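Asks: I'd like to ask some things about the structure below.
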Amino acid sequence: MQIQKTRKIEALTSNYAVAYAVKAADVDVIAVYPITPQTTIVEKLSEFVANGELNAELIHVESEHSALSAVVGASAAGARVFTATSSQGLELAHEVLHIASGMRLPIVMAVPTRAVSAPISIHNDYGDVMNARDVGWVIYIAASAQEVYDTVIQAYRLAERALLPVIVAYDGFLMSHTVEPVELNDEEEVRKFLPRTPRPYTLNPRRPVTMGPLTSPDWYYEFKYQQVLALQEAYKIAKDVDAEYSRAFGRGYGVVESYRMEDADYAIVTYGGAAYGNAKAAADLARERGIAAGVVRIRLYRPFPTADVLKAISGVKALAVLDRAIMFGGPAEGPLYRDLAAAMYMSGVDKPAVNVIHGIGQRTMYVEDLYKIYTMLREGPRKEVVFMGVRI
Amino acid sequence: MTLPKATELPIGAVVTEPGSTRRYSTAGWRTLKPVIHDDKCVRCQLCWLYCPEGTIAEVRGVFKVGGRTYDVKYEIIYDHCKGCGICANECPTKAIEMVPEAP
Amino acid sequence: MKVYYKTLRDLPREELFAPGHRMCAGCGAAIAMRWITKVVGPNAVIANATGCVEVTTTPYPETAWMHPYIHVAFENSAAVASGVEAAIKTLRRKGLWDAGDTKVVVIAGDGGTYDIGLQSLSGMLERRHGVLYILYDNEAYMNTGIQRSGSTPKYAWTTTTPVGAAVRGKIQWKKDIMGIVMAHRVPYAATASISHILDMANKIKTALEYTTEGPTFLHIFAPCVPGWRYPENKTVEVARLAVETGYFPLYEWDHGKLRLNPPSNSHIDKTKRKPLKEFLKLQGRFAHLTEEEIAELEKELDAYWQYLAKLQTL
Amino acid sequence: MPMGVVEVRFHGRGGQGMVTAAQVLATAAILEGKYAQAFPEFGPERRGAPVKSYLRISDRPIYIREPVLHPDVIVVADQSLFSAENPLEGAKDTSILVVNGVYKAPIKTYYVDATTLAIKVLGRPIVNTALIGAVVKATGVVSLGTVAEALKKYFTGRLYDLNVKLVQIAYQETVGL
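Protein chains in written order, with my numbering: chain W, 61 to 452; chain F, 2 to 104; chain E, 1106 to 1419; chain G, 449 to 625.
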């Protein structure tokens, strides 16, 4: 695959980047319900369809529960589908999340993340996606508009190969409504990268099957175990797809990204554009002030990239997990911290790790705040939760 | 009998064989079973029409019944008859009798 | 409606719904399913809501369905069908659909239509998807063991509307789902009963053909043996009495025009209707009714018939 | 199962009242100050389809929640079940079979013509209360008196009287083979 000729760089928000990726992927059915901050995706898609640039049926459903239900039906009929939502919409669709993965239907859903009510907040944090982290969907968390564009395309290839639905998440507002440079691929190249692959079963009168049967205790567990295997398999497929994409279009991200970790003593492990970007700036600041600091970003959040993230943090003396969601009542409130702590424990890795919770309801994560994480780590080992940025 | 393993099952619990409940006999559900007395049957089709299980067969052929010749005959396929008795209840000539299921 | 079938002989013979399903003996919905699948024909996708029909026809690893069939959840069969219909439309346009003019049919019970699924139904109707939505109405949540739904008639016993000293059966009237559907100005909607199969079959086929113009709707009356407390051989008789007493009138809404169908078209004159008691007395769920309560039901029924008679003149 | 526990498995068809039979016996045992547990085979029960229900009675608290695999007592309400499934599955050589109608089995068997008795007394072939009488006769696990007390939770008025009478007649007419 040679690098394609014309390099089209556009100035796009992450939401628009999603729309351009969906257009390039020759999607057949889109079902979306408006909700801040996702709405501009469906607005841009509506323009593409109205102008004949995108040959798709756009279903203006009456709720997010119906949005996901409609793309489940369309995917089951063999169509390539897209939907998108945030916050309350993802909560309303939650019932169908389990069903989509249980039915092993390839679906791609963009989620510009937003805090979850109550109290209501239209601003960014990861409370919505983190509440959907264990429902059997593959979950990417992108950190730039370019990566959003590339990841949506990769998501279709992975979904159709792994037969699993995929969420592509990214910061609401801080990325969804932030204009950045995005290099768009040649759409024919994208279509070649996403060939129409036959599915084992679809709703077709020539080969009738029954989807969504009732399973008794003799059967249900086996199908759930099938999903466990499928998600484990998706870890490898995600790496392959990223490599194939990189060969085809010159951009790749891996499943975990490291910044200045080669000789780092202390690391922040985090996700999402704002947290990662500000953490990188804090690491630079820390190095200027004599601390060997680095950052690790989780790009593929589900399936959890245990091997890759443990490799990335292997050299540090201590680390902080910067979480942007509160999962109430657990041993630690940060979802990524829980994942990483378990991964470390299961692999016999006993490094001091502190769980820093910040950016809740889009509370600004100043670089100076994140720099203090490194000084805190240097002061001495600790294993606790630190709620940073909140008036206590 | 041993049931298939997780990896041996169709992905996503899809049932690939249409109409496969046919393999399951519901005959054991009934305490009474319908018997068609062909001599009284005037071929009105109501039993065939209303059977919830679709288990009354419409057999083509030449059938002489009491001086009349019909081109069809109705027979109950007992594998799937649940003994509900709707056919007997709807039969205008009371040609269908509900008899106890032999123990 | 168009008359595709004049006599019982004209009705399709090939069965497209396998026996061996686990519906109760004498189930009204089973009769409905048998005729829906036969009349709809093989080139259709069926989207089914959670309910009695769904759990009794898809006991893994078996299925009674010979159509491509999908069940997702309880409240979204109309949304799922909208997705299937849109998919077929796009895939055909892109030359990626190899089954030609495939129809899309929803099958849902009264719980899944009157109550939990009303929103997705309304969305589908408002969006004009070419889908035939078929409601099989057994007037309560039967799969979970006979709890009241928006379709349960007034005073009827269910396990959640018991007959007590203080409250006697269901308090509210049965919701007029047809009125709600007609308010969406769909091209075609009709009521049908498993006791009148020719009428039902012609309406199914008519409704299916009209899906080229937009969404169509069928309200099929399907009595339930354990739920209504009557002997299992009386299902068709109960359904017939529902029509003959005027409790469940057969009518259709065809491109904005309401028309009562035989025998209901002769029932505007109350004397032509059998007394409501004929229908009620067969069923244990009404066994507790007093004379006053029956009179109240009759009064409401008369008012409803006046309403239909007026609508028919518009 | 530890000593002092009686495990009973009921085999019947949907609508024959096997769940109620287990519950009545459990209620009676609890009235006698014992520990008891009664539960159906969970799942959609369809009129006519084969169903099982389970009962445990013990003088110590019961904490396991598992179907009865090696029943001390097997109750079969409908002999057609012998062709539909294997009610004797998991039986021990000390197990007792209580069956509606005469039946030859390789284990100690008690039978009663529950259907005829039920039709005679109740006017309908509802066999569960008659089989309760047979189980009491066969095992003595609870007394007729507390069964009569327990039945008050399930029947009232005339139906209660008839069912108590049916339990007593079935008790007398139950014969060990």
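By construction, the Cβ of each residue, glycine as well, lies at the ideal position given by its N, Cα and C atoms. Since this is a predicted model, take the numbers as computed values, not measurements.
For A327 (chain W), name the three-state secondary structure that DSSP assigns.
Replies: Numbered from 1 along the first sequence, position 267 holds the residue referred to as residue 327 (chain W). A327 (chain W): strand per DSSP, three-state reduction.
Asks: Report yes if the CB atom of A1261 (chain E) is closer than 8 Å to the CB atom of L1240 (chain E), and no otherwise.
Replies: As a working mapping, residue 1261 (chain E) is identified with position 156 in the third sequence. As a working mapping, residue 1240 (chain E) is identified with position 135 in the third sequence. No, these two residues do not count as a Cβ contact at 8 Å.
Asks: To the nearest angstrom, report how far apart A103 (chain F) and D80 (chain F) are at their CA atoms.
Replies: Stepping through the second sequence from its first residue, residue 103 (chain F) is reached at position 102. Stepping through the second sequence from its first residue, residue 80 (chain F) is reached at position 79. One C-alpha to the other measures close to 14 Å.
Asks: When we look at the beta-carbon of A110 (chain W) and count the other beta-carbons within 10 Å, is it buried (16 or more) or exposed?
Replies: Residue numbering aside, residue 110 (chain W) sits at position 50 when the first sequence is read from its first letter. A110 (chain W) comes out exposed.
Asks: For A1347 (chain E) and A96 (chain F), I'd like the C-alpha separation in whole angstroms.
Replies: The sequence position of residue 1347 (chain E) within the third sequence is 242, counting from 1. The sequence position of residue 96 (chain F) within the second sequence is 95, counting from 1. Going by the C-alpha atoms only, they are around 26 Å apart.
Asks: Between V78 (chain W) and V212 (chain W), is the Cβ-Cβ spacing less than 8 Å?
Replies: Your numbering for residue 78 (chain W) matches position 18 in the first sequence. Your numbering for residue 212 (chain W) matches position 152 in the first sequence. Yes; because the gap between Cβ atoms is below 8 Å, this pair is in contact.
Asks: Put H81 (chain F) into one of helix, strand or coil per three-state DSSP.
Replies: Residue 81 (chain F) sits at position 80 when you count from the first residue of the second sequence. The answer is helix: DSSP assigns H81 (chain F) an H, G or I state.
Asks: By the 7 Å beta-carbon criterion, what residues does the region 505-526 of chain G contribute toward chain F?
Replies: Correct list: empty, as no residue qualifies.
Asks: Quick check: the Cα distance between Y331 (chain W) and G460 (chain G), rounded to an integer number of angstroms?
Replies: Working through the first sequence from its first residue, we reach residue 331 (chain W) at position 271. Working through the fourth sequence from its first residue, we reach residue 460 (chain G) at position 12. Answer to the nearest angstrom: the Cα atoms are 58 Å apart.
Asks: I'd like the ranges of any beta strand (DSSP E) spanning at least 3 consecutive residues and lying wholly in the region 1133-1196 of chain E.
Replies: With a minimum length of 3 residues, the continuous beta strand (DSSP E) runs that stay inside the region 1133-1196 of chain E are 1149-1153, 1174-1176.
Asks: Any beta-carbon of chain F closer than 8 Å to the one on Y261 (chain W)?
Replies: For the purposes of this step, residue 261 (chain W) is identified with residue 201 of the first sequence, where counting begins at 1. Chain F contact via Cβ: present.
Asks: Please list the terminal residues of the continuous beta strand (DSSP E) segment that includes I57 (chain F).
Replies: Here the question's residue 57 (chain F) lines up with position 56 in the second sequence. That run of the beta strand (DSSP E) goes 57-66.
Asks: Could you name the residues of chain F that F283 (chain W) contacts, counting a contact when the two beta carbons are closer than 8 Å?
Replies: Here residue 283 (chain W) refers to the residue found at position 223 when the first sequence is read from its first residue. Going along chain F in sequence order, the residues near F283 (chain W) (Cβ under 8 Å) are A7, L10, G13, A14.
Asks: Does the Cβ-Cβ distance between M271 (chain W) and Y261 (chain W) come in under 8 Å?
Replies: Numbered from its first residue, the first sequence carries residue 271 (chain W) at position 211. Numbered from its first residue, the first sequence carries residue 261 (chain W) at position 201. Yes, the Cβ-Cβ distance between M271 (chain W) and Y261 (chain W) is below 8 Å.
Asks: Can you list, in chain order, the residues of the region 144-165 of chain W whose Cβ is nearer than 8 Å to any Cβ on chain F?
Replies: Correct list: G162, M163, R164, L165.
Asks: Who are the near neighbours of V1341 (chain E) in its chain, counting only those whose CB is closer than 7 Å to its CB and skipping five residues on each side?
Replies: Taking the third sequence and counting its residues from 1, the one referred to as residue 1341 (chain E) is at position 236. If we look at V1341 (chain E) and ignore the five residues flanking it on each side, its Cβ neighbours are I1299, S1300.
Asks: Does Y1412 (chain E) pass the burial test, meaning 16 or more other C-beta atoms within 10 Å, or should it be called exposed?
Replies: Within the third sequence, numbered from 1, the residue matching residue 1412 (chain E) stands at position 307. Y1412 (chain E) comes out exposed.
Asks: Are the region 531-546 of chain G and the region 1115-1124 of chain E in contact at 8 Å, needing three or more beta carbon pairs?
Replies: Not touching, per the Cβ criterion.
Asks: Where does the unbroken beta strand (DSSP E) through G460 (chain G) begin, and where does it stop?
Replies: Against the fourth sequence, residue 460 (chain G) aligns to sequence position 12. First-last of the beta strand (DSSP E) with G460 (chain G): 453-461.
Asks: Determine the closest residue to G1361 (chain E) out of E:G1133, E:G1284, E:I1302, with distance taken between C-alpha atoms.
Replies: Numbered from its first residue, the third sequence carries residue 1361 (chain E) at position 256. Checking every option, the nearest Cα to that of G1361 (chain E) belongs to E:G1284.
Asks: Which class does T8 (chain F) belong to by DSSP, given the choice of helix, strand or coil?
Replies: For the purposes of this step, residue 8 (chain F) is taken as residue 7 along the second sequence, with counting starting at 1. Correct three-state label for T8 (chain F): helix.
Asks: Should E113 (chain W) be flagged as near chain E, meaning a C-beta pair shorter than 8 Å?
Replies: Locating residue 113 (chain W) in the first sequence gives position 53, where the first residue counts as 1. No, E113 (chain W) lies away from the interface with chain E (no Cβ there is under 8 Å from its Cβ).
Asks: Is L1121 (chain E) helix, strand or coil by DSSP?
Replies: For this step, residue 1121 (chain E) is matched to residue 16 along the third sequence. Residue state, collapsed to three classes: coil.
Asks: How about K34 (chain F) and C82 (chain F): do their beta carbons lie closer than 8 Å?
Replies: On the second sequence, residue 34 (chain F) is found 33 positions in, with the first residue counted as 1. On the second sequence, residue 82 (chain F) is found 81 positions in, with the first residue counted as 1. Contact: yes.
Asks: Taking only three categories from DSSP, how would you classify Q292 (chain W)?
Replies: The residue you call residue 292 (chain W) lines up with position 232 of the first sequence. Reduced to three states, the DSSP call for Q292 (chain W) is helix.
Asks: Would you be able to state if there are at least three C-beta pairs under 8 Å between the region 1172-1181 of chain E and the region 1228-1240 of chain E?
Replies: No, they do not touch.
Asks: Whose C-beta lies closer than 7 Å to the C-beta of M449 (chain G) among residues of the same chain, with five residues either side of it excluded?
Replies: In the fourth sequence, residue 449 (chain G) corresponds to position 1, counting from 1. Interpretation of M449 (chain G) is limited by its pLDDT of 48, a score under 50 that renders its predicted location unreliable; the figure taken from the coordinates is listed afterwards. Once the five neighbours on either side are set aside, the close Cβ partners of M449 (chain G) are E455.
Asks: What are the start and end residues of each continuous alpha helix (DSSP H) run of 4 or more residues lying completely inside the region 1307-1355 of chain E, in chain order?
Replies: Complete alpha helix (DSSP H) runs here, min 4: 1330-1333, 1340-1349.
Asks: Curious, which full-length beta strand (DSSP E) runs of at least 3 residues does the region 502-573 of chain G contain?
Replies: 521-524, 544-548, 556-560, all fully within the region 502-573 of chain G.
Asks: Let me know the secondary structure DSSP gives R362 (chain W) once reduced to three states.
Replies: Within the first sequence, numbered from 1, the residue matching residue 362 (chain W) stands at position 302. Correct three-state label for R362 (chain W): strand.
Asks: At a CB distance below 9 Å, what residues from the region 1218-1243 of chain E approach chain W? Give them in sequence order.
Replies: The residues in question are Q1224, S1225, S1227, G1228, M1229, E1231, R1232, H1234.
Asks: Give me the residue from G:G496, G:A469, G:T563, G:I478 with the minimum Cα distance to P509 (chain G).
Replies: Working through the fourth sequence from its first residue, we reach residue 509 (chain G) at position 61. P509 (chain G) has its Cα closest to that of G:I478, out of G:G496, G:A469, G:T563, G:I478.
Asks: In or out: G1351 (chain E) buried (at least 16 other Cβ within 10 Å) or exposed?
Replies: Within the third sequence, the letter at position 246 stands for residue 1351 (chain E). Burial call: buried.
Asks: Provide the residue span of the beta strand (DSSP E) that contains D231 (chain W), from first to last.
Replies: Stepping through the first sequence from its first residue, residue 231 (chain W) is reached at position 171. Where D231 (chain W) is concerned, the enclosing beta strand (DSSP E) stretches over 226-231.
Asks: Within 8 Å (strictly less), CB to CB, does K1379 (chain E) reach chain F?
Replies: For this step, residue 1379 (chain E) is matched to residue 274 along the third sequence. For K1379 (chain E), the answer is no, since every Cβ of chain F falls outside 8 Å of its Cβ.
Asks: Measuring alpha carbon to alpha carbon, tell me which residue in F:E18, F:E54, F:R69 is nearest I77 (chain F).
Replies: Your numbering for residue 77 (chain F) matches position 76 in the second sequence. Nearest option by C-alpha distance: F:E54.
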